[in-house]
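> I'd like to ask some things about the structure below.
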Amino acid sequence: MKAVLLLLSTLTIIGKCDTYPFELPRQTFNNRPMIGMLTQPLTEDMKAQSPLLATKTSFIQASYVQAVESAGARVVPLIYDNPDINAEIAKLDHVNGVQYNGGDGGAEYLVFSKKIYNRVKEINDAQISLPIWGTCMGFQYLAIFEATQGEGVLSENAFDSNDENYPLKFLVDPLSTRLFSPLGYGAQKYAENNLTYNHHHDGILPYQFDSDQGLKSAFKPTSISLDNQGRSFVASMESTKYPFFATQFHPEKQQYVFYPTVKVQHDKTAIDANRYFGDFFVAWARNNTQSFASYDEEVANMVQSTGILVMLKSYTGMIYAF
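Here is the structure:
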């Protein structure tokens, strides 16, 4: 409890820092936060694992939902392939944060996710704090949205970093960042230990990030990691203007993914270090007081009401399918 109170009080202080033009609005904390979470295309391989998925087209990996819920929030799916895209965009006026998950996307997902991103920026420009979190592919998409090169900023199949745990190498003093400063000097544990789980072969090279004017003006890279071949990729970034944060690594897996052949760490040190990121994001979401009109409407829009829960036999584990 003391740690959560310290995090919230520190975030309020950070909102006053001259380093960042975006300040936390002075609102009553929202203790009923809801996070809009984008669904992704359901693959044929996934469908083959359960007859329950025969008519489903999209999914959210349950570990992302669980990580948000463990921080005290609930999840509203943003259905990427809903023919009525305006209905999905309208949900952004009722949720308190938006999350882009890791995995695979595709052309239709890219179009949908960019429209969501643009609308969230509009809401923030209207002085309503609506934070975004991006993980792995989510990190990459946020970068693509702002990059002058678009998808060209991403180095594809360039990294040997599938199923590996790495330390962070901070590019700036972590105390000067919004993402790590609430930890104080405790942020050094990420630099001194292999605490971040990576499962990707695409990524953004530091020099590619720095040379792209659009991306460089929109986001500040805060750390890098080195893959198995010693090649560096940007590991974390935060917006220079908005409450947007992203990591190339996965902070949601340590508590919830137990597939026997992967190297996800489950010791208390790794769990505590990674749970922090969900707590951080939801703390930002608590500064948004948007809501649905009633509790019944909240329930009707929640992931548990709109999707079915299926346990896959693969690394993906449990999913909500839509």
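Counted the way mature numbering (1 follows the signal peptide of the UniProt record, and there is no 0) counts, the sequence shown spans residues -19 to -1, 1 to 303. Note that beta-carbon positions come from the ideal geometry of N, C-alpha and C, so glycine has one too.
Please confirm if the region 134 to 152 is in contact with the region 42 to 52, defined as three or more CB-CB distances below 8 Å between the two stretches.
Result no; under three Cβ-Cβ pairs closer than 8 Å.
> Between Leu152 and Ile205, how many whole angstroms is the CB-CB distance? I'm expecting something under 8 Å.
Contact holds; Cβ gap of about 6 Å.
> Measuring from the CB of Leu73, is there a heavy atom of the ligand ATP at a distance below 6 Å?
Although the ligand ATP was asked about, the structure shown includes no ligands whatsoever.
> Taking Gln229 as part of the alpha helix (DSSP H), name the residues at either end of that continuous run.
That residue, Gln229, is in no alpha helix (DSSP H); it is neither H nor E in DSSP.
> Cα separation between Ser94 and Tyr166?
Spanning the two alpha carbons is a distance of roughly 35 Å.
> Please report the straight-line C-alpha distance between Pro163 and Pro32, rounded to a whole angstrom.
Going from the Cα of Pro163 to the Cα of Pro32 covers about 46 Å.
> Taking only the alpha-carbon atoms, compute the straight-line gap between Val57 and Met283 and give it to the nearest angstrom.
Cα to Cα, the separation comes out at about 5 Å.
> At the level of alpha carbons, what is the spacing between Ile185 and Asp277?
Their Cα atoms are separated by approximately 43 Å.
> Just curious, the alpha helix (DSSP H) that Arg256 is in, first and last residue?
From DSSP, the alpha helix (DSSP H) with Arg256 extends over 249 to 266.
> Is the beta carbon of Phe230 less than 7 Å from the beta carbon of Asn174?
Taking 7 Å as the Cβ cut-off, Phe230 and Asn174 do not qualify as a contacting pair.
> Mapping the DSSP letters down to three states, classify Thr116 as helix, strand or coil.
Note: Thr116 maps to strand in three-state DSSP.
> Ser217 bridges to which residues according to DSSP?
In DSSP, Ser217 forms a bridge with Ser204, Thr228.
> Given a cut-off of 7 Å on the beta-carbon distance, is the pair Gly259 and Ala52 in contact?
Yes, the Cβ-Cβ distance between Gly259 and Ala52 is below 7 Å.
> By the DSSP assignment, the beta strand (DSSP E) with Ala172 in it spans what residues?
Segment 169 to 173 is the alpha helix (DSSP H) holding Ala172; no beta strand (DSSP E) there.
> Which residues in the same chain as Thr297 place their Cβ atom closer than 8 Å to its Cβ, once the five residues preceding and following it in sequence are excluded?
The residues are Met27, Gln42.
> Quick one: give me the first and last residue of the beta strand (DSSP E) that Gly78 is part of.
That run of the beta strand (DSSP E) goes 78 to 81.
> Less than 7 Å between the C-beta atoms of Tyr171 and Tyr122, yes or no?
It is not a contact, given that the beta carbons lie outside the stated cut-off.
> Could you compute how far the alpha carbon of Asn209 sits from the alpha carbon of Thr177?
Each residue's Cα considered, the two are about 14 Å apart.
> Given a threshold of 16 other Cβ atoms within 10 Å of its Cβ, counted over all protein chains shown, does Val243 qualify as buried or as exposed?
Exposed.
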